[in-house]
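What follows is a set of notes on a single structure, which appears directly below.
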Amino acid sequence: MIRLLVGILVFVINVLYRDRPYPRFYVLETVARVPYFAYLSVLHLYETVGLWRKADWLKVHFAESWNELHHLLIMEDLGGNDRWIDRFLAQHAALLYYWIVVGLYLVAPKSAYHFMELVEGHAYDTYDKFLTENEADLKAQPAPQIAINYYRDGDLYMFDEFQTAVVAESRRPAVDNLYDVFVNIRDDEAEHVKTMVACQATDTTNMKSPHAPAFAASDAEVVFAPGEQQAVAE
Ligand SMILES: [Fe+2]
Ligand SMILES: [Fe+2]
Numbered sequence: 002m003i004r005l006l007v008g009i010l011v012f013v014i015n016v017l018y019r020d021r022p023y024p025r026f027y028v029l030e031t032v033a034r035v036p037y038f039a040y041l042s043v044l045h046l047y048e049t050v051g052l053w054r055k056a057d058w059l060k061v062h063f064a065e066s067w068n069e070l071h072h073l074l075i076m077e078d079l080g081g082n083d084r085w086i087d088r089f090l091a092q093h094a095a096l097l098y099y100w101i102v103v104g105l106y107l108v109a110p111k112s113a114y115h116f117m118e119l120v121e122g123h124a125y126d127t128y129d130k131f132l133t134e135n136e137a138d139l140k141a142q143p144a145p146q147i148a149i150n151y152y153r154d155g156d157l158y159m160f161d162e163f164q165t166a167v168v169a170e171s172r173r174p175a176v177d178n179l180y181d182v183f184v185n186i187r188d189d190e191a192e193h194v195k196t197m198v199a200c201q202a203t204d205t206t207n208m209k210s211p212h213a214p215a216f217a218a219s220d221a222e223v224v225f226a227p228g229e230q231q232a233v234a235e
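Counting from 1, position 30 in the sequence shown corresponds to residue 31 in the working numbering; the numbering is continuous, with no gaps.
Structure (structure tokens):
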């Protein structure tokens, strides 16, 4: 089922958008970020009903969705969402994928993370191929301001937050032209893959916010006893 879901997404992106890269990336970024919305929704639900609290996971998944939002904003800046049909297709597919991943995450969270590992891996390959085929053209074009703000000039807290395999404030990529921007997006997708792998590990206490090295995971991951609704100091 997971391979089928990924296969449908890859088919749409690879075949229908073969010669239109920016609309293709717009669809990819619209659909491929909703699993993070689904994880957040289900984790909030668990906390609402008092089953458990995973503060770090909520924080990291939100930062991942924030990163993908900026990929989407860059594609919109490049004209990827100009056509109504592309917005219609992307947003309806996103709605469908959201509910599928909510259901999958409720019954099989590791499978839901594996699904996203495959999607992010596909995104990496897609951008890597695009970079190889369009290097000279991309290097001649300026970086969109939204990319400059996200990768260099703005508050980089959220940029650091989604990369659980990287020491905070250690990755500061160049953003001098459009080629740099796509290199950064491609490398972001690789960081998402690493985070998704960490989420599937047996010992998930290592999946922590990069900004909380001294923060005990046990403080954030609390499994409440049945009927227990205790406050937890963080
Ligand atoms: Fe992305
Ligand atoms: Fe992604």
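Glycine residues also receive a C-beta, built at the ideal position from the N, C-alpha and C atoms.
V120 places its beta carbon less than 9 Å from that of L10.
Of the residues G8, V7, F63, H115, the one whose Cα lies closest to the Cα of D161 is F63. Those residues that bring their Cβ nearer than 6 Å to a heavy atom of ligand 2 are A33, E69, E121, A124, E190, H193. Secondary structure at R54: strand, using DSSP grouped into helix, strand and coil.
Pairing F131 with H72 gives a Cβ-Cβ distance that is not under 9 Å. Between D156 and N150, the alpha-carbon positions lie close to 8 Å from each other.
In the three-state reduction of the DSSP assignment, F12 falls in the helix class, which pools H, G and I. At least one heavy atom of ligand 1 lies less than 8 Å from the C-beta of E30. Shortest gap from the CB of I3 to any heavy atom of ligand 1: 8 Å or more. If you look at E136, you'll find it in the alpha helix (DSSP H) that goes 136-140. Contact fails between the segment 109-118 and the segment 49-63, because fewer than three Cβ pairs, one in each stretch, are under 8 Å apart.
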